[in-house]
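To start, the structure itself, in structure tokens.
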Amino acid sequence: MLGNYYPGIKHSLDNLMFVCLAYIMINVGREFELEKKRWKSYLKDAAIAMLAAATPWIIIAFYFMYLLPATEWENWTAWKENLLLSCFAAPTSAGILFTMLAAAGLKNAWIYQKTQVLAIFDDLGTILLLIPLQFFMIGLKWQLFIIVFIVAGLLTFGWKRLGHYTLNQSAAMIILYSIGLVFICSAIYSVSKKLFDGGVHIEVLLPAFILGIVMKTTHHHPEEDMRIEHKQHKNNITQIIRRITHPSSAAETELISDIVSYLFMFLVGINTPLFIGELPDISQTVSITASLPMFEWSVIIWHVIVVTLLSNIGKMIPVLFYRDKNILERLALSIGMFTRGEVGAGIIIIALGYNLGGPILIIALLSLVLNLVLTGAFVLVVKKLSLKVYGNAVSKESYI
């Protein structure tokens, strides 16, 4: 439909998608609040979180290999493609999880506090996991060493300056930060590609996360929000525009963040290869996964259900630890880790950048969507388990 305008519009939409992803990751980083003096106590949590990220990743990688012809099991190219595709199952959606658990009245519970730490380390582990995966995809090239150097520098900077900088954290400013990060990452790739054979491709996930963690997180106060709300004139169009660009309350900021998340997931959907109607010719595809013929819908749905079950079983690693806690608490903590979201979608977009596709990518994407749909159910189960453990300590009014 777009004709000759397609390449330019596609490029613009891709950049918009990465701006949305950067915005989301900055906010994930802002949730990363640790007491640096207690770093030793976080080692166990970090190890459990990364194990909870690696387990579903490995399980789904083997399952995706099962979907390929048996002749491909000894093909390293098939393995590295599926290792990247299966990485979507690794990260827990920190933003969605924290919001829903807080709304369920669990903000003061051990489950919420522990999940907050695990989910952030889970996302960080997934981002770091992309480094060896990039090594698998591009091989041992000089660009990889530069990427490792930049990543190490960002992580060191993030730890030393954790919560150090007092920056404007309005939704409008975070959008500007996101645009700047996407521009910098794109500029590094474009300039390095012109100067050298190939380019240095820095994914926006980690820089955005680091920017979030070095911010000194500011929180809105409900009383002040109410006072400001009463002063604003709802029918004044200028005031409405100002409330969008300079939100004064936590509710308004959350609304803008939700809109950015919705837009991001919509753009991820736009980038998904065709799998309905007249399918593209796969005879010229270069990747093994993209060259796999499309499955029947009934087969795809079956695999989506199986992949969702397997990935969530893999996420239940925390139930094996924290033995000083009630089994129901550990079970609630593990189920809370089921939620998936934008980071997993970002992994799928990165996979598309390596020309991966076919039915396996569609199964991965639909499994991600199914987990998103089930998020409310997961939190409801966590809530019920928490009521059994804490009783009246959890507000039954918020449960209703």
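For what it's worth, our numbering labels the leading residue of the sequence shown as 23, then goes sequentially.
Backbone N, C-alpha and C define an ideal beta-carbon position, used for all residues, glycine too.
The alpha helix (DSSP H) enclosing residue i, as first and last residue numbers
i	result
Val213	Ala193 to Leu217
Thr431	Outside the shown range of the chain (23 to 422) lies residue 431, about which nothing can therefore be said.
Tyr426	Residue 426 lies beyond the range of the chain shown here (23 to 422); nothing can be said about it.
Val341	Neither: Val341 is in no alpha helix (DSSP H) and is coded neither H nor E.
His325	Trp319 to Gly336
Phe84	Trp61 to Leu89
Ile95	It should be noted that the sequence gives Trp, not Ile, for residue 95. Note, Trp95: premise wrong, no alpha helix (DSSP H); not H, not E.
Gly25	Counting along the chain, Gly25 falls outside any alpha helix (DSSP H), and DSSP gives it neither H nor E.
Lys406	Thr397 to Tyr412
Val170	Trp164 to Lys182
Ile372	Glu364 to Gly375
Ile310	Careful: Ile310 lies outside any alpha helix (DSSP H) and carries neither H nor E.
Met159	Trp132 to Ile160
Ile357	Ile349 to Gly358
Nearest-angstrom beta carbon gap, residue j and residue i [assumed within contact, 8 Å]
i	j	result
Cys3	Leu146	A question about residue 3 goes unanswered here, because the residues of the chain that appear run from 23 up to 422.
Leu353	Val365	Not a contact, Cβ separation roughly 24 Å.
Met72	Phe143	7 Å
Ala387	Ile370	Residue 387 is actually Leu in this sequence, not Ala. With 8 Å as the limit, Leu387 and Ile370 qualify as a contact, their Cβ atoms being about 6 Å apart.
Val222	Tyr211	6 Å
His325	Leu89	7 Å
Leu123	Val401	6 Å
Asn104	Phe86	4 Å
Ile149	Phe231	6 Å
Leu107	Thr311	6 Å
Ala367	Leu390	6 Å
Val204	Asn37	6 Å
Residue i versus the options, residue with shortest Cα-Cα distance
i	options	result
Asp346	Trp132, Val222 and Glu94	Trp132
Leu176	Arg60, Tyr199 and Gly234	Gly234
Thr361	Ser320, Met47 and Ala111	Ala111
Thr99	Tyr412, Val411 and Tyr376	Tyr376
Ser192	Pro154, Lys216 and Thr239	Thr239
Thr137	Val403, Asn37 and Ser356	Ser356
Asp280	Gly363, Leu374, Leu332 and Asn130	Gly363
Trp61	Trp181, Ile310 and Lys215	Trp181
Ser408	Ile385, Tyr284 and Gly358	Gly358
Ile196	Thr275, Ser208 and Phe343	Thr275
Tyr284	Leu314, Thr178 and Tyr45	Tyr45
Val404	Ala125, Val204 and Val282	Ala125
Met159	Leu314, Ser309, Ile385 and Glu94	Ser309
Glu351	Ala141, Ile322, Lys406 and Leu217	Lys406
Those residues which DSSP pairs with residue i across a bridge
i	result
Met237	Tyr187
Closer than 7 Å: residue i CB and nearest the ligand NAP heavy atom
i	result
Ser108	Only the bare structure without any ligand can be found here, which leaves the ligand NAP out of the picture.
Beta carbon proximity, residue i to chain B, threshold 8 Å
i	result
Ser309	The displayed structure is made up of one protein chain only, and chain B is not part of it.
Would you call the stretch 95 to 115 and the stretch 384 to 398 in contact, with 3 or more CB pairs under 8 Å?
Because the criterion of three Cβ pairs below 8 Å is met, the stretch 95 to 115 and the stretch 384 to 398 touch.
For the 8 Å Cβ check, are there 3 or more pairs between the stretch 156 to 173 and the stretch 63 to 72?
In this structure the stretch 156 to 173 does not lie against the stretch 63 to 72, because fewer than three pairs of beta carbons, one per stretch, are closer than 8 Å.
Could you tell me whether the stretch 183 to 190 touches the stretch 24 to 43, using the rule of 3 or more Cβ pairs below 8 Å?
As far as the Cβ criterion goes, the stretch 183 to 190 does not touch the stretch 24 to 43, which means the pair count is below three.
Tell me, please, whether the stretch 78 to 90 touches the stretch 321 to 336 by the rule of three or more beta-carbon pairs shorter than 8 Å.
The stretch 78 to 90 is in contact with the stretch 321 to 336.
Is the stretch 190 to 200 in contact with the stretch 40 to 53, if contact means three or more CB pairs nearer than 8 Å?
The way I'd put it, the stretch 190 to 200 does touch the stretch 40 to 53; three or more beta-carbon pairs between them come closer than 8 Å.
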